[in-house]
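Going down the list, the protein sequences come from chains A and B.
When you line the first sequence up against our numbering, it's residues 9 to 268, in that order.
When you line the second sequence up against our numbering, it's residues 9 to 268, in that order.
Protein chains: 2
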Amino acid sequence: MLTISQLATYAGVTVRAVRHYHKIGLLPEPARDRSGYRSYDSAAVVRLIRIHTLADAGVPLARVQELLDAAPEQFGDGVQEIDKELRAEIRRLQVSRRRLAMLAAGEQLALPQSVVDYLDRLRREGVSERYLEMERGAWIMIAAQAPEAIDAVIAAKHEQLEDPDTRKLYSLVSEAVDNQGDDALLVEIADLLERLYLRAAEAGQLGDEPFDDQLVELLDAVMLESAPEAARLLAIMEERGWKGWTRIERVPPRDPDTQP
Amino acid sequence: MLTISQLATYAGVTVRAVRHYHKIGLLPEPARDRSGYRSYDSAAVVRLIRIHTLADAGVPLARVQELLDAAPEQFGDGVQEIDKELRAEIRRLQVSRRRLAMLAAGEQLALPQSVVDYLDRLRREGVSERYLEMERGAWIMIAAQAPEAIDAVIAAKHEQLEDPDTRKLYSLVSEAVDNQGDDALLVEIADLLERLYLRAAEAGQLGDEPFDDQLVELLDAVMLESAPEAARLLAIMEERGWKGWTRIERVPPRDPDTQP
DNA sequence: GCTTGACCTTGACGTTGGGTCAACCCTTCA
DNA sequence: TGAAGGGTTGACCCAACGTCAAGGTCAAGC
């Protein structure tokens with residue numbers, strides 16, 4: 009007769025594992041000796057070794073039971089099914105590895121390459137790191153919400169950057185983000201923005217971004233929350249009859265002294 | 009300002025996941041509105057998307073924190089380490105698959121091919137299924153305890169099977185297992201055993217099995233527990249001065265009426 | 001007879017990444 | 001005013017054990 013640790017040693021498992029197998033009913037509880045110790049016979053060793061062999065081969069314990077009692081054909085079927093699950097798990101991990109490799113390659117998290125390239129271009133154009141950080145946040149949300157549209161939007165952005173006025177705009181915005189509280193600068197930005205909006209309106213391009221309302225609101229919120237000047241700029245623009253940031257709309261000009 | 013379900017939807021995760029991230033400190037708890045609801049800003053969306061992207065790429069949540077706050081070089085290092093872990097996990101699963109395939113190939117559990125072949129030979133020699141079951145149990149334990157010695161032992165067994173007396177022994181034992189309670193048969197077995205033991209003793213082969221004492225005791229226990237006739241046979245042999253089963257020793261012959 | 005150390009017992013909590021109730025509160029619409 | 005459809009916290013669930021905690025038992029040495 010064997011104690012639990014002898015049994016465990018014979019089968020190459022831990023005492024804790026044996027008790028676990030008892031608890032889940034894989035190994036029947038043996039009789040106790042007069043002091044309450046579990047007392048095993050050699051048949052338990054054999055069963056435990058079988059359990060351990062299957063578990064070691066990646067069979068979930070919940071499946072070990074049926075496999076032990078299975079006839080050879082069902083045994084083969086069961087094994088095949090478990091193998092299928094193992095294959096699926098391996099594939100999942102391999103997908104993870106590829107994703108991880110892509111994350112390591114693109115310096116940014118959660119951004120497709122086109123956006124990373126675009127942000128790099130902005131940096132080369134002299135846009136400040138603080139403003140880039142805000143842009144990055146916005147693009148992360150676009151990538152999450154409208155991944156199918158993002159490359160087209162980026163392409164449009166690159167096109168806009170061909171325009172010197174747009175480049176000037178980025179330069180001014182960048183400056184404003186770095187020197188906070190300069191109201192004259194905000195007015196200058198507003199002037200430039202208005203020129204660009206008017207041009208876009210003439211070309212019929214106002215409000216043609218492909219985002220849904222939710223995303224538009226979210227992006228405006230990002231902008232408002234990431235810099236205090238943003239609210240002031242939007243207010244100025246609204247006085248002049250332009251509402252929104254991600255999606256621009258014409259509104260009746262507002263009296264600057266009227267609180268909305 | 010966003011509610012938790014809006015936030016979760018924007019980032020493509022479940023509400024429960026967001027709360028989980030709060031609990032483990034990955035995502036800071038936001039302020040509550042006057043009714044106690046969590047109220048998120050857009051920065052939370054960005055952080056949550058980043059978390060989700062990393063988690064989705066197989067990064068354990070415990071690592072996501074450091075990776076999010078890491079400078080690019082450390083980020084690369086961390087990613088590489090996680091990739092190593094993913095590789096290791098994949099290897100582990102692949103080993104499991106191979107083991108599983110071997111289990112499916114060999115019809116028996118936990119037995120090397122040599123043993124399976126040996127058992128097949130016994131079956132061909134006409135050994136009964138009941139006795140084979142006992143043999144299998146013993147070999148399972150040998151395979152678990154002394155895997156390095158097993159092939160040599162099996163080879164020796166094959167050699168013994170060349171001897172007609174040994175084959176006769178198996179035949180008789182097999183018969184005894186199937187017709188229980190036939191004492192004359194047990195005596196016949198004992199006679200044959202004694203002849204074989206004497207021959208082995210002359211050849212100096214008695215007690216040269218390579219197992220340690222523990223395993224020897226265990227194997228004898230298997231034999232004793234798996235068939236009631238076994239105890240009777242061992243008693244007869246001990247009367248004649250032979251002790252043990254797995255390892256045979258000479259002892260002084262015993263008076264059959266003396267209780268030990 | 002006493003102590004010591006090794007081994008046994010049960011019970012409970014931790015691990016990973018959340019899923020799934022349960023019970024109750026808040027907002028909104030008819 | 002009531003019902004629907006949000007929200008909140010809290011607690012238990014999965015797999016396969018590891019790791020205490022707190023105490024009973026055994027064998028051996030003094």
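Here a beta-carbon is modelled for each residue, glycine too, at the ideal position from N, C-alpha and C.
| Item | Value |
| --- | --- |
| For the alpha helix (DSSP H) containing B/ALA79, list its first residue and its last residue. | Neither: B/ALA79 is in no alpha helix (DSSP H) and is coded neither H nor E. |
| Cβ of B/MET149 within 8 Å of Cβ of A/VAL72? | no |
| Return no unless some Cβ of chain B is closer than 8 Å to the Cβ of A/ASP64. | yes |
| Output needed for B/LEU35: all residues of its chain with C-beta closer than 8 Å, excluding positions within five of it in sequence on either side, in chain order. | VAL26, TYR29, ALA52, ARG55, LEU56, ILE59 |
| Answer yes or no: does any C-beta atom of chain A fall closer than 8 Å to that of B/GLN102? | yes |
| By the 10 Å Cβ neighbour count, where 16 or more other Cβ atoms means buried, how is B/TYR45 classified, buried or exposed? | exposed |
| For A/VAL23 versus A/ILE32, is the C-beta spacing smaller than 8 Å? | no |
| Who are the neighbours of B/TYR18 on chain A, taking C-beta pairs under 9 Å? | MET149, ALA152, GLN153, GLN222, LEU223, LEU226 |
| Please name the residue in A/GLY86, A/PRO80, A/ALA79, A/GLU81 whose C-alpha comes closest to that of A/ALA70. | A/GLY86 |
| Could you give the distance in angstroms between the alpha-carbon of A/GLY249 and the alpha-carbon of A/VAL195? | 14 Å |
| Given that B/ALA229 touches chain A, what residues does it touch there, using C-beta distances under 9 Å? | MET9, LEU10, ASP49, SER50, VAL53 |
| I'd like the span of the alpha helix (DSSP H) that includes A/TYR139, first residue to last. | 137 to 153 |
| Exposed or buried, B/LEU227, counting other C-beta atoms within 10 Å across all chains shown (16 or more means buried)? | buried |
| Check each candidate in A/ARG107, A/LYS251, A/GLN168 and name the one with the smallest Cα separation from B/ALA65. | A/ARG107 |
| Measure the C-alpha to C-alpha separation of A/PRO268 and B/ALA19 and round it to an integer number of angstroms. | The predicted model places A/PRO268 with a pLDDT of 43, which falls under 50 and marks its position as unreliable, so this point remains unresolved. |
| In its own chain, which residues sit with a C-beta less than 7 Å from the C-beta of B/ARG255, not counting the 5 before and 5 after it? | GLY215, GLU217, VAL224 |
| Using a Cβ-Cβ cutoff of less than 8 Å, which residues in the same chain neighbour B/GLU133 once the five nearest sequence positions on both sides are dropped? | LEU169, ARG175, TYR178, SER179 |
| For B/GLN267, does the three-state DSSP call read helix, strand or coil? | The predicted position of B/GLN267 is uncertain, since its pLDDT is 49 and thus under 50; a value taken from the coordinates is nonetheless stated next. In the structure shown, B/GLN267 sits in coil (DSSP, three-state: anything other than H, G, I, E or B). |
| Below 8 Å on the Cβ atoms is my contact criterion, and I expect B/TYR139 with B/SER104 to pass it. Report the Cβ-Cβ distance as a whole number of Å. | The pair is not a contact, with the Cβ atoms about 34 Å apart (cut-off 8 Å). |
| For B/LEU119 versus B/ALA151, is the C-beta distance shorter than 8 Å? | yes |
| Do A/GLU233 and B/SER43 come within 8 Å of each other at the CB atom, strictly closer than that value? | no |
| Under 8 Å between beta-carbons, which chain A residues line up against B/GLU237? List them in chain order, please. | Near B/GLU237 there are no residues of chain A at all, since even the closest Cβ is about 16 Å away, more than 8 Å. |
| Rounded to the nearest angstrom, what separates B/LYS251 and B/ARG131 at their Cα positions? | 28 Å |
| Using a beta-carbon distance cut-off of less than 8 Å, what residues from the stretch 29 to 46 of chain B approach chain A? | none |
| Does the Cβ of A/ARG258 have 16 or more other Cβ atoms within 10 Å, making it buried, or fewer, making it exposed? | exposed |
| Looking only at its own chain, which residues have a Cβ that is under 8 Å from the Cβ of A/ALA160, when we skip the five neighbours before and after it? | PRO218 |
| So what does DSSP say about A/TYR29, is it helix, strand or coil? | helix |
| Are the C-beta of B/GLN267 and some C-beta of chain A separated by less than 8 Å? | A caution first: B/GLN267 carries a pLDDT of 49, below 50, which makes its placement in the model unreliable, though a value can still be read off. No, its Cβ sits nowhere closer than 8 Å to a Cβ of chain A. |
| Is B/GLU97 close to chain A? Criterion is C-beta to C-beta, closer than 8 Å. | yes |
| What's the call for A/MET245, buried or exposed, on a 16-neighbour Cβ count within 10 Å? | buried |
| Is the shortest distance between the beta-carbon of B/ASP91 and the beta-carbons of chain A less than 8 Å? | yes |
| What are the start and end residues of the alpha helix (DSSP H) that includes B/MET245? | 236 to 247 |
| Using a C-beta cutoff of 8 Å, does A/ILE244 count as contacting chain B? | no |
| Going by DSSP in three states, B/LEU214 sits in which element: helix, strand or coil? | coil |
| Any beta-carbon of chain A closer than 8 Å to the one on B/ALA112? | yes |
| What are the residues that DSSP puts in a beta bridge with B/ARG46? | B/ARG40 |
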